[in-house]
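Notes follow once the structure below has been shown.
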DNA sequence: AGCCGCCTACCTATCGATAGGTAACTTATA
DNA sequence: TATAAGTTACCTATCGATAGGTAGGCGGCT
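Chains as they are written, first to last, in this note's numbering: chain W, 972 to 1145; chain R, 972 to 1145.
See the structure below:
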């Protein structure tokens, strides 16, 4: 893994625990064994690092998601697949969704970081709308925004109350 | 308004925009016209200020909520009342829920702040469970966690995408 | 030769926190 | 009633730590 990749990985861990201000160039550098000044070689400013982090996170998330049609072809409900990806983040990473946290801090973020967070949610809503449409929902856009909202909120509350069963209850159909 | 109240109010604005690390004693002090050292007279440490802020926020929120039975007696659906309180925060304050933001940062918060955030959600879940029970829901605890999750998530996404109609779509019954 | 990836060695700004002091007010006591 | 003691709500000055960022150097690889 290159130093740049290592920096992004270290930053992701920090941000997913405490937000944008929860990482510093010094901490990141010392964790991967270089000097803080060298971090500026890879990322001119902190905002550049944050933006690239959110961008790559979004790409990785979308990539892991695949396409709704592909899941339907395999006889799987794409909404279940989507929910499962959130569940994995909570159970295995034991961390918040990067963009869920950044989104909450949205008002105080550098513009280029905020832009990438917006992109995450717009792409997610697009995916979910397609999925709900395929599922025959009469209002796929409503259903899409309800799905992300519920999952992001459930994640946050499970983390806060330190009990993953809240996530399960929230995602369990009535 | 006392200086202490003014400090808490100033801190609330900052935190609801960017989280726990988005306020400093210096900024708060200069905003209300005292020196940063004097802030320590009212709050020994930053964690003390944060904890008291979350505590008072929770009390004010619960107070504004009233009781589920009182709303039922007035022919109002308590869940609608609850939703409306979130909507007000978004539309009038134009800010995130304080504890929604702090909850997302939960992992990096001082223990006493985290404790108060937990209290917010436990109290909210209690209120909502009672409300859903009164509404005749067969699984009031499930419904309660689903309600908070959806509202907190919808708030975060509306703030992120800078469009309150997302909140409306999310809270609109299917 | 030239660039890549890192380094040393800084800078300025800001952070939370502490020490010690002061003026104004309140309370307790003789 | 007068004075002493204590409290409230601030102040100035300063601490060590840390923040993001910059200038310029140096070795290794092509």
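Every residue gets a Cβ at the ideal spot worked out from N, C-alpha and C, and that includes glycine.
These numbers come from a predicted model, not from an experiment.
Look at the Cβ atom of residue i, then the Cβ atom of residue j, and state whether they are nearer than 9 Å.
i, j, result
"residue 1119/W", "residue 1099/W", "yes"
"residue 1071/R", "residue 1107/W", "no"
"residue 1011/W", "residue 975/W", "no"
"residue 1042/R", "residue 1115/R", "no"
"residue 1075/W", "residue 1126/W", "no"
"residue 988/W", "residue 1067/W", "yes"
"residue 1025/R", "residue 1096/R", "no"
"residue 1021/W", "residue 1080/W", "yes"
"residue 1046/R", "residue 990/W", "no"
"residue 1055/W", "residue 979/W", "no"
"residue 1034/W", "residue 1132/R", "no"
"residue 1090/R", "residue 1029/R", "yes"
"residue 1039/W", "residue 1105/W", "yes"
"residue 1143/W", "residue 1113/R", "yes"
I think residue i touches residue j, with their Cβ atoms under 8 Å apart; what is that distance to the nearest whole Å?
i, j, result
"residue 1138/W", "residue 1058/W", "7 Å"
"residue 1130/W", "residue 1078/R", "7 Å"
"residue 981/R", "residue 1003/R", "6 Å"
"residue 1000/W", "residue 1007/W", "4 Å"
"residue 1073/R", "residue 1135/R", "Not confirmed; about 22 Å, so no contact."
Please list, in chain order, the chain R residues whose beta carbon lies closer than 7 Å to that of residue i.
i, result
"residue 1117/W", "1121 and 1141"
"residue 993/W", "1079"
"residue 988/W", "1078 and 1079"
"residue 1092/W", "1128, 1131 and 1132"
"residue 1067/W", "1075"
In chain W, what lies closer than 7 Å to residue i by C-beta?
i, result
"residue 1137/R", "1116"
"residue 1071/R", "1075 and 1127"
"residue 1021/R", "Going along chain W, no residue has its Cβ under 7 Å from residue 1021/R, so there is no contact; the nearest lies around 13 Å."
Counting only Cβ pairs nearer than 8 Å, list the residues of chain W close to residue i.
i, result
"residue 1130/R", "1074, 1075, 1077 and 1078"
"residue 1088/R", "1131"
"residue 1004/R", "Chain W residues near residue 1004/R: none, gap ~23 Å exceeds 8 Å."
"residue 1037/R", "None at all; the shortest Cβ gap to chain W is about 22 Å."
Between residue i and the ligand ZN, is the CB less than 8 Å from at least one heavy atom?
i, result
"residue 990/R", "Questions concerning the ligand ZN fall outside what the structure shown contains, since it holds no ligand whatsoever."
Which bits of chain R does residue i rub up against, with CB to CB less than 9 Å?
i, result
"residue 1060/W", "In chain order: nothing, as chain R lies at least about 13 Å away."
"residue 1112/W", "1140"
Taking residue i as the query, report the chain W residues whose CB atoms sit under 9 Å from its CB, ordered along the chain.
i, result
"residue 1046/R", "Chain W residues near residue 1046/R: none, gap ~24 Å exceeds 9 Å."
"residue 1107/R", "Simply none; closest approach about 13 Å."
Let me know the alpha helix (DSSP H) ranges lying completely inside the stretch 974-1051 of chain W, each 4 residues or longer, listed in chain order.
974-989, 996-1003, 1007-1013, 1017-1036 and 1039-1044
Pick out the complete alpha helix (DSSP H) segments inside the stretch 1047-1082 of chain W, 4 residues or longer, and give them in chain order.
1049-1059 and 1069-1075
At 4 residues or longer, and completely inside the stretch 1112-1142 of chain R: list those alpha helix (DSSP H) runs for me, N to C.
1136-1142
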